[in-house]
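In the working numbering, the protein residues as written are 2 to 230.
Pasting the structure below:
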């Protein structure tokens, strides 16, 4: 009974938190309208990265791997306003895939997987005239992606657990992304951002038992805007 009450309490806190955010965005008394292509912006986004083919892990006679579909994603970004609705974008992201388990004939081992995209792209705002507090946009670009794996621990033969340090490998590739979203003003300097992108990423060799990391990226962020002189 106590556990159920605590669970409901935790759920209630989350619900009230999201209601608070919605009210803050929709009922802000200081709504500011602007053409964001006249601004430089810096911000932070967080969300999830869905890998479409996560279940199609590479399996050989040597090992079998298993992984998850959804992973947390964080991104630091900067945009440079070019005016007339256009901006240039720069992203530094990190996706923590967590631990991937590899089963081998005489035991198993775990690796920690991280995917790091460094991206450059172009953004276009549709409603720059008239100026509005809601600014929908579309963007596309190119990414240089680094996939790294670090061997954590494993158990072989006798069942004793072995821990490893400094054993890792990495691979890199280029990818593409296409997406869109919306910016909404909280004040002249602060904007809330909702962003949805689809990305095409494929490594030459496997990273965490997988080569194809294409999929959808969904994020929510907060931006600080600096008006150009």
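Every residue, glycine too, gets a C-beta built ideally from N, C-alpha and C.
What's the C-alpha gap between residue i and residue j?
i: residue 89; j: residue 81; result: 5 Å
i: residue 74; j: residue 197; result: 13 Å
i: residue 176; j: residue 99; result: 22 Å
i: residue 211; j: residue 76; result: 22 Å
i: residue 224; j: residue 101; result: 34 Å
i: residue 46; j: residue 220; result: 6 Å
i: residue 93; j: residue 144; result: 10 Å
i: residue 128; j: residue 69; result: 38 Å
i: residue 56; j: residue 42; result: 37 Å
Excluding the five sequence neighbours on either side, which residues of its own chain have a C-beta within less than 6 Å of the C-beta of residue i, listed in chain order?
i: residue 126; result: 37, 38, 86, 136, 138
i: residue 148; result: 116, 172, 204, 208
Is it buried or exposed, residue i, if we count other Cβ atoms within 10 angstroms and call 16 or more buried?
i: residue 146; result: buried
i: residue 216; result: buried
i: residue 52; result: buried
i: residue 107; result: exposed
i: residue 188; result: exposed
i: residue 140; result: buried
i: residue 178; result: buried
i: residue 121; result: exposed
Nearest by alpha-carbon distance to residue i: which of the options is it?
i: residue 235; options: 225, 54, 119; result: Residue numbering for the chain in the displayed model covers 2 to 230; residue 235 lies beyond these limits and cannot be assessed.
i: residue 1; options: 134, 49, 121, 112; result: Within the shown structure, residues of the chain are numbered from 2 to 230, placing residue 1 beyond reach of any answer.
i: residue 123; options: 111, 78, 47, 152; result: 78
i: residue 119; options: 202, 223, 103, 212; result: 202
i: residue 91; options: 220, 181, 221, 142; result: 142
i: residue 35; options: 190, 69, 104, 213; result: 190
Within a Cβ cutoff of 7 Å, which residues of the same chain sit near residue i, ignoring the five residues on either side of it in sequence?
i: residue 1; result: Lying before the first or after the last residue shown, residue 1 is absent from the chain, which here runs from 2 to 230.
i: residue 185; result: 26, 134, 135, 192, 193
i: residue 169; result: 149, 150, 151, 152
i: residue 180; result: 140, 196, 197, 198, 199
i: residue 44; result: 78, 194, 222, 223, 224, 225
i: residue 182; result: 138, 194, 195, 196, 197
i: residue 84; result: 38, 39
i: residue 97; result: 72, 73, 115
i: residue 174; result: 146, 202, 203, 204, 205
i: residue 213; result: 54, 203
Does the ligand ADP have a heavy atom nearer than 6 Å to the CB of residue i?
i: residue 147; result: Absence of the ligand ADP from the depicted structure is noted, as is the absence of any ligand whatsoever, leaving it without description.
Quick check: is the beta carbon of residue i nearer than 7 Å to any beta carbon in chain B?
i: residue 210; result: Protein chain content of the structure displayed is limited to a single chain, and chain B is not contained in it.
Practice problem: Could I get the ranges of all uninterrupted beta strand (DSSP E) runs contained in the region 65 to 112, with 3 residues as the minimum, in chain order? | Solution: 65 to 67, 71 to 84, 87 to 105
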